Amino acid sequence: MSAPACRCCGSAQVRLRGRKPGEFLQREFEFHGCDDCGFMWVEPFSGFEIYNDAYYRGQGPDPFVDYDAEYRDWRRSDRVHEFDDLARLAETYLRAPLAPVAAGTPVEWLDFGCGAGGFLKYLREKSALAGRPLALTGHDVGSYADLLGRKDGFRILDFERLQAEPAARYDVISLIEVLEHLPDPQPPLRLIARLLKPGGLLLLTTGNLESAVARRHGIHYRYCAPEIHVSLFNPRCLAGLYRTVGLAPYPVRYHGAVKFKVLKSLRHRRARRALAAAALALPPFVRAVDALYGVSAMPCAVKPAAPA
Ligand SMILES: [Zn+2]
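Position one of the sequence shown corresponds to residue 1 (our numbering), numbered consecutively onward.
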């Protein structure tokens, strides 16, 4: 069987890296990898039907998902650490914009893959960043997207409506742990690049498959959950993908996002979680975890400002 070209960089230098059974679906999955950029992807794609209400309750392939708790009370979610971190990064960026902005102009913010809406609610409560009011839009589909639109009054767009948005509409787009779920990462990133204003910021997080921990475990790394994590990145291929769609990599240093990842992974282990929470109060511990999992090694991106 001839392997298809790399979905990240287009190279034909791709090969099968291994097979393993799903943990949720009783079938075998193939992991393909690109020798040029290191991108890996999973065949076959299980489809988006897997993201149903059971998935949202943590009864699907990801036992750490709990949409209901986040929807009901985002303030008690571990994700608040991550929200604080992302807001801090955006604020720092917005205080020194690449393109000049009139004072008081709203920050148009799109949360792409807004899920249970915790981040939208966090941002709504924050109401302003860098002295500018926040104007929020979310993108997702499914029962929580409906609730966020109907009950919580957010502007929620499905993919079709998002595609109909005018170019250069948004100052900030967040794409938090979304890209690994999509079988073809280029089209959504192209859309995001189009929707960003020149000088706009893309906040993107996804797993790093070239981190020390990921390298040690190969395709048996827990993050390689083939039913749901179908596009697997490293800093190099992510930066290459940004450039392909007209964005420039933007280095970041995470703190709270690292804490969140640790606490989330220990959600079902109380004693260890309490220990970890104490250790995470120490910045050197956070930096050590960050180095092992390569969280901050994964760049965000900016859309270059239009040439003067
Ligand atoms: Zn590639």
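All C-beta atoms in this analysis are idealised placements derived from N, C-alpha and C, irrespective of residue type, glycine included.
Being a predicted model, the structure only gives us computed values, none of them experimental.
Checklist entry - Is the Cβ-Cβ distance between F39 and C237 less than 8 Å? => result Taking 8 Å as the Cβ cut-off, F39 and C237 qualify as a contacting pair.
Checklist entry - Would you call the CB atoms of L241 and P185 closer than 8 Å? => result Result yes, Cβ atoms of L241 and P185 sit closer than 8 Å.
Item to check | Boundaries (first-last residue) of the alpha helix (DSSP H) holding R216 | outcome: For R216, the enclosing alpha helix (DSSP H) begins and ends at A212 to H217.
Next on the checklist: Between S46, L16 and G10, which has its C-alpha nearest L25's C-alpha?
Outcome noted: Answer by Cα proximity: S46.
Checklist entry - Going by DSSP, which residues form a beta bridge with Y170? => result DSSP lists L196 as partners of Y170.
Item to check | Assigned exposure category for S211 - 16 Cβ within 10 Å defines buried | outcome: Counting other Cβ atoms within 10 Å of its Cβ, S211 reaches 16 or more and is therefore classed as buried.
Checklist entry - At what residues does the beta strand (DSSP E) containing A225 begin and finish? => result Neither: A225 is in no beta strand (DSSP E) and is coded neither H nor E.
Item to check | L232 to R190 span [Cα, whole Å] | outcome: So the two alpha carbons sit approximately 18 Å from each other.
Item to check | D111 - partner residues in DSSP beta bridges | outcome: Note: D111 is bridge-paired with G138 and S174 in the DSSP secondary-structure output.
Item to check | Option in Y223, S127 and G256 with minimal Cα separation from D62 | outcome: When the alpha-carbon of D62 is set against those of Y223, S127 and G256, the nearest one is in Y223.
Item to check | Own chain residues within Cβ distance below 8 Å of A257, not counting five before or after | outcome: Excluding sequence neighbours, A257 sits near H81, E82, D85, L86, T205 and V295.
Checklist entry - Going along the chain, which unbroken runs of the beta strand (DSSP E) with 3 or more residues stay wholly within the segment 23 to 100? => result Counting only runs of 3 or more, we get 28 to 34 and 40 to 43.
Next on the checklist: If contacts are defined as beta-carbon pairs under 8 Å, then Y144 and G115 qualify, I think. What distance do you get, rounded to the angstrom?
Outcome noted: That belief holds up - the Cβ atoms of Y144 and G115 are roughly 6 Å apart, short of 8 Å.
Next on the checklist: With the cut-off set at 8 Å, would you say A239 and V302 are in Cβ contact?
Outcome noted: It is not a contact, given that the beta carbons lie outside the stated cut-off.
Item to check | G18 - partner residues in DSSP beta bridges | outcome: Looking at the DSSP assignment, G18 forms a beta bridge with F31.
Checklist entry - Does the beta-carbon of D146 have 16 or more other beta-carbons within 10 angstroms, so that it is buried, or is it exposed? => result Under this definition D146 is an exposed residue.
Item to check | Contact set for Y221: own chain, Cβ-Cβ below 6 Å, skip 5 residues either direction | outcome: Only A214 meet the Cβ criterion.
Item to check | Buried or exposed by the 16-neighbour rule on C-beta atoms within 10 Å, applied to F112 | outcome: By the neighbour-count criterion, in which a residue is buried when 16 or more other Cβ atoms sit within 10 angstroms of its Cβ, F112 is buried.
Item to check | Uninterrupted beta strand (DSSP E) stretches inside the segment 224 to 292 (no shorter than 3 residues) | outcome: Segments of the beta strand (DSSP E) lying fully in the segment 224 to 292: 248 to 250.
Checklist entry - In chain order, what residues have a CB nearer than 5 Å to some heavy atom of ligand 1? => result Chain order is used for the residues whose beta-carbon lies nearer than 5 Å to a heavy atom of ligand 1, namely C6, C8, C9, S11, C34, D36, C37 and F39.
Checklist entry - Is T105 buried or exposed, if buried means 16 or more other CB atoms sit within 10 Å of its CB? => result Burial call: exposed.
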